[in-house]
Every structure is written in C-alpha cells, then in structure tokens.
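K.L.:
Residue numbers (our numbering), protein chains in the order written: chain Z, 20 to 329; chain H, 275 to 577.
Got a structure here, written out as structure tokens. Questions coming.
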Amino acid sequence: MDQQTAAASSVDIDRTSTMTRGEHARQSRPLDSELARQAGAGPAVREDAEVVFDLDDVTVKYGSFPAIRDVTMQIRERMITALIGPSGCGKTTLLRCFNRMNDLIPSASVEGTIRYKGADLYASGVDPVEVRRRIGMVFQKPNPFPKSIRENILFGPRVTGMEFDADEIVERSLKGAALWDEVSGKLDDSALGLSGGQQQRLCIARATAVEPDTILMDEPCSALDPIATGAIEDLMRALREDYTIVIVTHNMQQAARACDMTAFITTEVAQDEQGHDRRSGRLIEFDRTEVIFGDPNDQRTEDYISGRFG
Amino acid sequence: MMAVSTPQREAEVAQDALHAPDDRGRRERGFEFGLLIATAVAVVVLAVLLIDIAIDGLPFINSTRFTEYSSRFPEEFGFRSGITGTLSLMILVGLLSFVIGVGGATYLEEFAPNNRFTRFVEANTSNLAGVPSVVYGLLGAGVFVFFFSLGRSLIVGAITLSLLILPVIIVASREALRAVPNALREAGLGLGATPLQTIGRQILPQALPGILTGTILALSRAIGETAPILVVGALFSRRSDNVPWDIDDAFSALPIQVFDLVKRPQAAFQEQVAPAGIIILLVLLLLMNSIAIYLRNRYSRSS
Ligand SMILES: Nc1ncnc2c1ncn2[C@@H]1O[C@H](COP(=O)(O)OP(=O)(O)O)[C@@H](O)[C@H]1O
Ligand SMILES: [Mg+2]
C-alpha cells in the first residue's frame, strides 16, 4: 500500500453525513475561514513520511467502561498531529496509551494493537520504561521537580544512563525550548520560581534532554496565558524538525495554527450488552489540518469546529 | 400606622441589619474562653510538673551524675550506664525503625498491589499502633530473648522498641508519601525513569521532612518507655558503658534507672536523684529533637 492511500484510508470514520462539500463551503462561518487560512500557512504535510504510530481498532477501557473505542489511525513522522474534541471524549486516555502511561492506572486496559515503528507496544515482554525513554511526555499541568532548573534537565539523562556532558546538555535542551536566555543566569535556582509558561517550557526541555523520538503533549498550554502559549507553539514548530509530536488540545486556533494533521474525536452514545447507554469517545475524522478546518467530510467535525457543539 | 420610607429611615434599617444579634457576642466569647481553659489546663499541668521536677532535681545535677555508675549512696549515684544505654538505644532504634519503617511504608504506598492481603496488612498496621507497650515487651522477651536466644541484650531492647514504634513510623511515612503529588511520579516515569529511580530520587526526598517528623516523634516516645525494656531485661544498673556496636552486651537505660530510684526506700533517691535523672532524660530528648528538626529543615530547604 503506498503512503498516500494509507493516509486516506487511515481516516476511520462513519460517513453518516449526507452533506456535500458544496454545502459545507456555503455554510462556512467566519471562524472556519479564518482557521482554514491559518491552517494553510504551515509547510505542506509530507505524504511520504514514515508511520510512527499505527493504531488498529484500539479501545481503551476503565474497568468495563470503554472511554474511547475502535480507533484506527496512523500518525506520521516529524509532523505535529493534534487530537481535538470536547472535554471527556478520551483524548488524554488515548494519548496516554502511546507511551504506556495508562499502565499507572490499574483499571485501564487497552484492546486492539498500537504499533510504534512496527513494534507492538503492548506485546508481552515490552518494558514500559524503554517505551517511555523513546516516547516522552509533557503534561497538562507543568510538573517540574521541586529542584533546580539544572537538576530538572539532568534527571532524565542520569537515570537513562546515557553518556552526556552536563553543561552541554543543559544549555542545548534549554536553548531548544527557547528558555535559555531567560534562565541561563539562574540555573541553580528552584524551578518552582519560574512562571507557568517557563515551567512548561522547562518540562519540554527536560523531555527533549533524553533525546526521545517522539513527544506527546497533553494540553500543554491549557494553564498558560496567550503569550506563553505562542512561545510554546513556536517551539513545537521548531521541534518538528527533529521530533514527531502528538498534541492534545482544547484550543482550535492552536490546532489550526500549529499542527499538520488533526484528528477530531467526540463522544458518542452507544448501548452496551445490558442495554444501558454508555458514552464513549470515537474518532470521527482524521485528516490534514487544512481539510479538517476548511472542508471537513463529516457534519460533526463541521459543527464542532464552527462552535455549534462541544 | 405605616412607617414612611425616607432615605434616612432606610439607612437606619440598613445600619441595624449590620449589627450582630444580641447573644452572638456572648456565645462567641464563651466558647473562646472554654478553649482558653483547655489550653491552660494542658500547659499549666505540664509546667507545674516540670517546675516541680526542676526544683527537686536541678540542685542535684553535677558532674558526678554523668561520670559515675550506680551507687548505694545518693551523693555518689551517677547515671552513666543509663545515659550510655539510652544513647545506644536511640541510635539503634533510630536506624532500625527508620530503615524498616520507611521501607515498609514505601512498599505499601508505592508498590503493593491493591488486593486483600495489602488491605489486611494496612488495617493491622494501624491497629498495632494501639497495642500497649508492655505487650511488645512480652513479645520481645518471648521471641527474641528466649526463642532466638539473643539473651537480655542491647539488640533485643532495640528491636523491641523498634517494633513498638514501627506502626507509627509506617503510618506517618505513608501519609508523607501520599502528600507528594502524583504529577511528580508521572514526571519521573514519563522521562523514562524506572519506578525505583523515580521513587528513590524524587518522591522519597520530597517526603523526607514528613517522614523525619514522624520518626522523631515516635523515637521520643520509644526512648521514654520503661515497661517494654523492663520486660526484656534491661538492668537497673551496670558498672560499664553501653556502645551501639556492642549489641550482645547487657544494657541499662535512663527510664529504668529512674524507675528503680523511685522504688528505693531512701527519700534522697526519690526526691533528688530521680528528678535529676528525669531532667537528664528530658535534655537528651530535647537534644535529639533539635538535631532532627535541624536535619528536617536542611532537607526541606535544599529541595
Ligand atoms: N482514571 C480513570 N478512571 C476511570 N475513568 C476515567 C479515568 N480517566 C478518565 N476517565 C473517563 O474517561 C473518559 C475520557 O477521559 P479523558 O481521556 O480524560 O478525556 P479528555 O482528555 O478528552 O477530556 C471520561 O469519561 C473520564 O471520566
Ligand atoms: Mg484531557
């Protein structure tokens, strides 16, 4: 299968929408066109990029409750892929499967397969520690260690046993996270003295210090002001040169501005075996960002990005 | 007759509404007074006890009390064996209970699967904290002195006191570990650290001030205990010093010596030497607490 058709077929959606593209275009609201214009601004998506995460029919359950189900998608190398959707639709749940952070929640279980560069992440014998060394994570709330800025950067390289020059790696990581100029004079000060935006950039710097291939970000800007958010978005675009990034975001402008591919997830009501209504997340549409924001194929995507629900 | 509403009248009504109901001030003050009495009872009783002991014992504190061993004559009586015994016990009990207690707490809090066995252990750890200390003494005597044939030795005293305070240390350490935000565990694991690395390098250091506080309080209690070490065979007096590394040695301790003195028929022992011993014990405890508080502050500052 060539890469291009893979990209198209990876969009696993129920095409229940009866609208034609023409209707979408006529209904476009100012928000849509503004977002679509922003989305077009980035460099083109490389269709030939290698598949990093290959999800096949993934369902994640908490106990018997499927928080998100039947997700099939392919996330490609050196692109920024956004997961958007209303609160509680399972974005965090899905993201935390990508580096087996879900293992920390005893009730969580994963069905289906998630392949990372061809390797099954949930095969028996896979060590989650090894997975997380390759796939880093930045969390919703900045969570620096209550230690010095320097110690925050050096923790990862120390525990992973990699060879490193401490001064060099501190400087390089902080420069990479656009934080060096602000903190170079106070590397031994506590990280807790930094502002929220600086703390989050420190967390990104810390994640890059262990040289992962992929970085997962769970709403990294939700606690930040617009200026700090802008700084993080610039940073993501720069990091894309070296890393594959998957980001959960609440903020549609952010997805439109900063991301190459966008997956729209929403909550659907389904009936379980006992006939009870169970709400669980479904992947509705996954495509290039400018398609999602300019000319989505599904009515629900259209409704969501134009602010009609969610 | 209807009151005519004028701006002035409205202002008066509004003013009245802001006044407290008549009895509120009285109730508040009454309650405050009750709390004051409660505090006073606790503080005054303690102060009276301490002052009484100080009046009796202080004139009797001199170098003899520290350099001499036990004696039949009040003027010649010294607490040397008790002081060295208590210091040795402090060190051994501190080490044993800290290592085992923090280890157990870390396992229960960070690693143990959430199953029936774990819940059983958890429930019983808390229950053990309420078992009378003399029961631990009997356990120490039965299990260590006789069954393991360790004799009436320093190590048996230390193990017995450690067992006595382990539940308290475990409960306190677990609370301290639980207070460390989960976000830090995720941060560590998310960077590719193993659970052991994350807990050892980030979580435990964060919890250490809390753990130390719990350990110090528990240790103070252990050091003042008489009953359990009496049962495992602490001596009223010896004519040699205890050192923490000679763990097979017989041992004495300050509370045991005080206990012995107050039973002696001579008034001087009861009224002068015993209070002097109590003062020495209290000073030792205060010293230990200050060292621990210093350590704790140093750790919380460096983190
Ligand atoms: N640890 C958990 N245990 C049980 N249910 C959970 C847990 N975490 C999340 N959920 C549930 O799973 C669903 C998806 O949550 P989440 O992935 O956090 O959504 P999102 O990140 O899209 O807001 C929600 O219904 C939420 O209540
Ligand atoms: Mg979330």
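The C-beta atom is built at its ideal place from N, Cα and C for all residues, glycine as well.
What's the C-alpha gap between E384(H) and F334(H)?
P.N.:
Straight-line Cα distance between these residues: approximately 52 Å.
K.L.:
Does the beta-carbon of D306(Z), which I'm using as the reference point, lie nearer than 7 Å to any heavy atom of ligand 2?
P.N.:
Because no heavy atom of ligand 2 lies under 7 Å away, the Cβ of D306(Z) does not count as near it: no.
K.L.:
What is the C-beta distance between G216(Z) and L243(Z), in whole angstroms, given that I count them as a contact (C-beta under 8 Å)?
P.N.:
Contact holds; Cβ gap of about 5 Å.
K.L.:
Is there a C-beta anywhere in chain H that falls below 8 Å from the one on L114(Z)?
P.N.:
No - not a single Cβ of chain H is within 8 Å of the one on L114(Z).
K.L.:
Hey, is K110(Z)'s beta-carbon within less than 8 Å of any beta-carbon in chain H?
P.N.:
So, not an interface residue.
K.L.:
Taking Cβ positions only, does S577(H) come closer than 8 Å to chain Z?
P.N.:
Any answer about S577(H) is weak, because its pLDDT of 48 lies below 50 and its placement is not dependable; what the coordinates show is given next. Chain Z contact via Cβ: present.
K.L.:
Which same chain residues end up closer than 6 Å to L76(Z) when comparing Cβ atoms and leaving out the 5 residues on each side of it in sequence?
P.N.:
The residue you asked about is not Leu; residue 76(Z) is Asp in the sequence shown. Same-chain partners within the cutoff: D89, T91, G131.
K.L.:
Determine whether the Cβ of A226(Z) lies closer than 8 Å to any Cβ atom of chain H.
P.N.:
Yes, contact with chain H.
K.L.:
What I want to know is whether the C-beta of E238(Z) ends up closer than 7 Å to one or more non-hydrogen atoms of ligand 2.
P.N.:
E238(Z): yes, Cβ under 7 Å from ligand 2.
K.L.:
What does K80(Z) pair with, by DSSP beta-bridge criteria?
P.N.:
DSSP output for K80(Z) lists P85(Z), S128(Z) as bridge partner(s).
K.L.:
When the Cα atoms are used, what is the spatial distance from M38(Z) to R276(Z)?
P.N.:
Reliability of the predicted coordinates at M38(Z) is poor, the pLDDT of 39 falling under 50, and no value is obtained from them.
K.L.:
Find the residues of chain Z that neighbour T468(H), judging by a C-beta separation of less than 8 Å, and give them in chain order.
P.N.:
Neighbours of T468(H) on chain Z, chain order: V148, V178.
K.L.:
When a residue counts only if its C-beta is closer than 5 Å to some heavy atom of ligand 1, which residues count, in chain order?
P.N.:
Matched residues: Y81(Z), A86(Z), S106(Z), G107(Z), C108(Z), G109(Z), K110(Z), T111(Z), T112(Z), I124(Z).
K.L.:
Around the Cβ of C108(Z), are there at least 16 other Cβ atoms within 10 angstroms (buried) or fewer (exposed)?
P.N.:
Buried, because 16 or more other Cβ atoms sit within 10 Å of the Cβ of C108(Z).
K.L.:
For the putative contact between V79(Z) and T112(Z), defined by C-beta atoms under 8 Å, what is the C-beta separation to the nearest angstrom?
P.N.:
Rounded, the Cβ-Cβ distance is 5 Å, consistent with contact.
K.L.:
Mapping DSSP to helix, strand and coil, what is I335(H)?
P.N.:
Coil at I335(H), not helix or strand.
K.L.:
Less than 8 Å between the beta carbons of G180(Z) and A226(Z), yes or no?
P.N.:
Cβ distance not < 8 Å, so G180(Z) and A226(Z) don't count as in contact.
K.L.:
Among the candidates A397(H), G507(H), V419(H), I357(H), whose CA atom is the shortest distance from the CA of I554(H)?
P.N.:
Among A397(H), G507(H), V419(H), I357(H), the Cα nearest to that of I554(H) belongs to I357(H).
K.L.:
Cβ of V267(Z) within 7 Å of any heavy atom in ligand 2?
P.N.:
Within the cutoff, so yes.
K.L.:
For G484(H), go through chain Z and note every residue whose CB falls closer than 7 Å to its CB, in chain order.
P.N.:
Result: empty, since nearest Cβ-Cβ is about 14 Å, beyond 7 Å.
K.L.:
Give me the Cβ distance between S143(Z) and G82(Z), rounded to the nearest whole Å; I'm assuming they're in contact under 8 Å.
P.N.:
With 8 Å as the limit, S143(Z) and G82(Z) do not qualify as a contact, their Cβ atoms being about 22 Å apart.
K.L.:
With a threshold of 8 Å between beta-carbons, can N162(Z) be considered close to chain H, or not?
P.N.:
Judged by the 8 Å Cβ criterion, N162(Z) is in contact with chain H.
K.L.:
What in chain H is Cβ-close to R152(Z), meaning under 7 Å?
P.N.:
Chain H residues near R152(Z): G466.
K.L.:
Classify N118(Z) as buried or exposed, calling it buried when 16 or more other Cβ atoms lie within 10 Å of its own Cβ.
P.N.:
Buried is the call here.
K.L.:
Identify, in the order they occur along the chain, each residue of the same chain with its Cβ nearer than 7 Å to the Cβ of T500(H), setting aside the five sequence neighbours on each side.
P.N.:
Hits under 7 Å: P529, I530, F533.
K.L.:
I'd like to know if the stretch 382-398 of chain H and the stretch 540-551 of chain H are in contact, where contact means that at least 3 CB-CB pairs between them fall below 8 Å.
P.N.:
The stretch 382-398 of chain H vs the stretch 540-551 of chain H: no contact.
K.L.:
Give the interface partners of Q471(H) over in chain Z, defined as CB-CB distance under 7 Å, in chain order.
P.N.:
Ordered by position in chain Z, the residues that pass the 7 Å Cβ test against Q471(H) are V178.
K.L.:
Measuring alpha carbon to alpha carbon, tell me which residue in T285(Z), M120(Z), I124(Z) is nearest L140(Z).
P.N.:
That would be M120(Z), whose Cα lies nearest to the Cα of L140(Z).
K.L.:
Out of L235(Z), V148(Z), V202(Z), which one is the CA nearest neighbour of V71(Z)?
P.N.:
Answer by Cα proximity: L235(Z).
K.L.:
Under three-state DSSP, which class holds S362(H)?
P.N.:
In this structure, S362(H) counts as helix in the three-state DSSP scheme.
K.L.:
Between the beta-carbon of R298(Z) and the beta-carbon of I251(Z), is there less than 8 Å?
P.N.:
No, they are not a contact pair.
K.L.:
Excluding the five sequence neighbours on either side, which residues of its own chain have a C-beta within less than 6 Å of the C-beta of G329(Z), listed in chain order?
P.N.:
Note that G329(Z) scores a pLDDT of 43, beneath 50, so its modelled location is shaky; the value from the coordinates is reported in the next line. Answer for G329(Z): P105, Y323, listed in chain order.
K.L.:
Measuring straight from C-alpha to C-alpha, what distance separates I444(H) and S436(H)?
P.N.:
The straight-line gap from Cα to Cα measures roughly 11 Å.
K.L.:
Please list, in chain order, the residues of the stretch 194-222 of chain Z that have any C-beta partner in chain H closer than 8 Å.
P.N.:
From the stretch 194-222 of chain Z, only C222 have a Cβ closer than 8 Å to chain H.
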